[in-house]
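Just below is one structure, and these are the notes that go with it.
Numbering (the working numbering), first residue to last: 4 to 508.
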């Protein structure tokens, strides 16, 4: 871009060279017109370099992903994203235990603490880059003792000199290379802050999902125990009938078999409950067992919250910290690429020194001029890379590829974000449809089981019919419980995919 500006200004200068060369006072040298022309070109070139150094990366990469104007899986028409409802979305479930778990996780999670530490680290790295724009001043002091023996006269002379000086070195950022690195470091800070917010989003979603799994396992265990009690009663009835000679041993063994099969599922559910407790403890930064008193409170699967306005896809992308982090990653990469390109330009360094020298320490700050010596120097140097074995060019290519990778990462993040929201919208709708059907099936299965038991006691049906209806009832009820949990989890995923659940620093 800078080369184009230089060409334009060169054309402008040459087209109007007569104006530049027009004498406004008597010329004293034939060199003056040519010097004026070259000074104009140099000034224009320096202005272009400064313009390129201060410019921000282009935004063409932002349009590399075709973001739709509305959600395919939402029936809502218009409306902005309800960011207020997303801020603490877990409170919409009306479960105090879940609220307390998330509060503990946000306060004690190692992942959150790590993310905060990375923010502090990136801020420190930015301070280092900022310091590179400023002069470096060093204080020095010395005490020199000199002894001299005159062999011819036998005289010994001794002299002592005290020196106090300030040395300064400063790389003048004429072409903006260090400013580009500072801009990249600033974007790094913003990226780590967004990563911290993204860690909050992930953590709140993981805690809520694990808690729902825990409550679902508890509910399934209660369902199983009720079904076991029903099967136990059926087994007792069959045993009485066998003792009375109404039924045979085969039917009794069939009843006992189905009863024990149901009991065998208890350890698996208890294992799931224990493992989920431990998972929640880890997410909350606690040791296994530390949350048992909290989790042992009576509870159920959280209720499904009211729907929120999901807005348009652009709203979700703007609200998601991971997308913003990817944007800052691209900007940082482009700034570093520009800094690498500016390595080709000269570097200007200023080195200065100011010192006091005296024969005695006490006189170094004396107001008498004869008691001390004041010396100073200022040196300006310019270094232009001539041959570096292709290192600068290779570094430019490296940073160009890093910028491309950052853009690809941004594209992947945006596509993933859009897919996650669409999946969550479909899941909330389809789980609701499935749950409605399963509730009807569950009611029918319970009624069928009760009727079969009554008819078996009356001798109207065989035992196998009773056992089959009990198995069906357990299967349908467990599936209903799992679908209830899936429906609530789909809302968790929706809130998470919309970028909800983070608090600013």
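Virtual Cβ for every residue (Gly too), placed ideally from N, Cα, C.
Residue i - partner residues in DSSP beta bridges
{"i": "residue 382", "result": "354"}
Closest Cα partner of residue i within the set the options
{"i": "residue 251", "options": "466, 404 and 118", "result": "466"}
{"i": "residue 208", "options": "274, 506, 495 and 507", "result": "495"}
{"i": "residue 377", "options": "168, 311 and 406", "result": "168"}
{"i": "residue 388", "options": "185, 198 and 344", "result": "344"}
{"i": "residue 500", "options": "74, 67 and 69", "result": "74"}
{"i": "residue 340", "options": "136, 355 and 186", "result": "186"}
{"i": "residue 115", "options": "417, 234 and 196", "result": "196"}
{"i": "residue 257", "options": "104, 473 and 490", "result": "473"}
{"i": "residue 282", "options": "484, 94, 381 and 112", "result": "112"}
{"i": "residue 462", "options": "99, 148 and 241", "result": "241"}
{"i": "residue 3", "options": "246, 194 and 490", "result": "Nothing in the structure corresponds to residue 3, since the chain is present only between 4 and 508."}
{"i": "residue 386", "options": "174, 259 and 109", "result": "174"}
{"i": "residue 233", "options": "464, 144 and 457", "result": "457"}
{"i": "residue 143", "options": "393, 359, 149 and 67", "result": "359"}
{"i": "residue 65", "options": "416, 464 and 445", "result": "416"}
{"i": "residue 298", "options": "279, 68 and 141", "result": "279"}
{"i": "residue 296", "options": "315, 100, 71 and 93", "result": "100"}
{"i": "residue 509", "options": "290, 78 and 182", "result": "This structure does not reach residue 509, given that the chain is present from 4 up to 508, and the question cannot be answered."}
{"i": "residue 78", "options": "431, 92 and 464", "result": "431"}
{"i": "residue 460", "options": "249, 393, 120 and 292", "result": "249"}
{"i": "residue 70", "options": "178, 137 and 422", "result": "422"}
{"i": "residue 110", "options": "87, 86, 206 and 246", "result": "206"}
Residue i versus residue j - alpha carbon distance
{"i": "residue 89", "j": "residue 397", "result": "46 Å"}
{"i": "residue 243", "j": "residue 102", "result": "51 Å"}
{"i": "residue 2", "j": "residue 166", "result": "Examination of residue 2 is not possible in this model, given that the chain is present from 4 through 508 alone."}
{"i": "residue 498", "j": "residue 321", "result": "14 Å"}
{"i": "residue 41", "j": "residue 349", "result": "Note on residue 41: pLDDT 45, under 50, position unreliable in the model; no value is reported."}
{"i": "residue 414", "j": "residue 122", "result": "24 Å"}
{"i": "residue 300", "j": "residue 443", "result": "30 Å"}
{"i": "residue 1", "j": "residue 470", "result": "What is shown of the chain runs 4 to 508, which leaves residue 1 out entirely."}
{"i": "residue 192", "j": "residue 337", "result": "15 Å"}
{"i": "residue 200", "j": "residue 126", "result": "16 Å"}
{"i": "residue 384", "j": "residue 352", "result": "5 Å"}
{"i": "residue 238", "j": "residue 262", "result": "8 Å"}
{"i": "residue 331", "j": "residue 231", "result": "58 Å"}
{"i": "residue 255", "j": "residue 439", "result": "37 Å"}
{"i": "residue 266", "j": "residue 506", "result": "46 Å"}
{"i": "residue 180", "j": "residue 424", "result": "41 Å"}
{"i": "residue 476", "j": "residue 452", "result": "7 Å"}
{"i": "residue 347", "j": "residue 395", "result": "7 Å"}
{"i": "residue 135", "j": "residue 391", "result": "23 Å"}
{"i": "residue 176", "j": "residue 139", "result": "14 Å"}
{"i": "residue 450", "j": "residue 235", "result": "18 Å"}
{"i": "residue 403", "j": "residue 288", "result": "41 Å"}
{"i": "residue 149", "j": "residue 400", "result": "56 Å"}
{"i": "residue 361", "j": "residue 379", "result": "15 Å"}
{"i": "residue 517", "j": "residue 468", "result": "With the chain running from 4 to 508 in the structure shown, residue 517 is simply not present."}
{"i": "residue 382", "j": "residue 194", "result": "40 Å"}
{"i": "residue 446", "j": "residue 437", "result": "14 Å"}
{"i": "residue 198", "j": "residue 94", "result": "23 Å"}
Contact check, residue i vs residue j, beta carbons under 8 Å
{"i": "residue 212", "j": "residue 433", "result": "no"}
{"i": "residue 76", "j": "residue 429", "result": "yes"}
{"i": "residue 487", "j": "residue 226", "result": "no"}
{"i": "residue 313", "j": "residue 84", "result": "yes"}
{"i": "residue 190", "j": "residue 335", "result": "yes"}
{"i": "residue 333", "j": "residue 410", "result": "yes"}
{"i": "residue 420", "j": "residue 323", "result": "yes"}
{"i": "residue 276", "j": "residue 214", "result": "no"}
{"i": "residue 184", "j": "residue 132", "result": "yes"}
{"i": "residue 479", "j": "residue 435", "result": "no"}
{"i": "residue 222", "j": "residue 303", "result": "yes"}
{"i": "residue 354", "j": "residue 172", "result": "yes"}
{"i": "residue 270", "j": "residue 96", "result": "no"}
{"i": "residue 412", "j": "residue 329", "result": "yes"}
{"i": "residue 219", "j": "residue 484", "result": "yes"}
{"i": "residue 105", "j": "residue 210", "result": "yes"}
{"i": "residue 356", "j": "residue 146", "result": "no"}
{"i": "residue 118", "j": "residue 188", "result": "no"}
{"i": "residue 68", "j": "residue 441", "result": "no"}
{"i": "residue 317", "j": "residue 502", "result": "no"}
{"i": "residue 224", "j": "residue 272", "result": "yes"}
{"i": "residue 92", "j": "residue 504", "result": "yes"}
Whole alpha helix (DSSP H) runs in the stretch 97 to 174 with 4 or more residues, listed along the chain? Runs of the alpha helix (DSSP H) inside the stretch 97 to 174: 99 to 111 and 113 to 134.
Considering only residues of the stretch 321 to 349, which uninterrupted alpha helix (DSSP H) runs meet the minimum length of 4 residues and lie entirely inside it, listed in chain order? 324 to 344
Please give me, in chain order, every unbroken run of the beta strand (DSSP E) with length at least 3 that falls completely inside the stretch 163 to 232. none
Ignoring anything shorter than 4 residues or poking outside the stretch 249 to 294, list the alpha helix (DSSP H) runs there in chain order. 252 to 267 and 269 to 286
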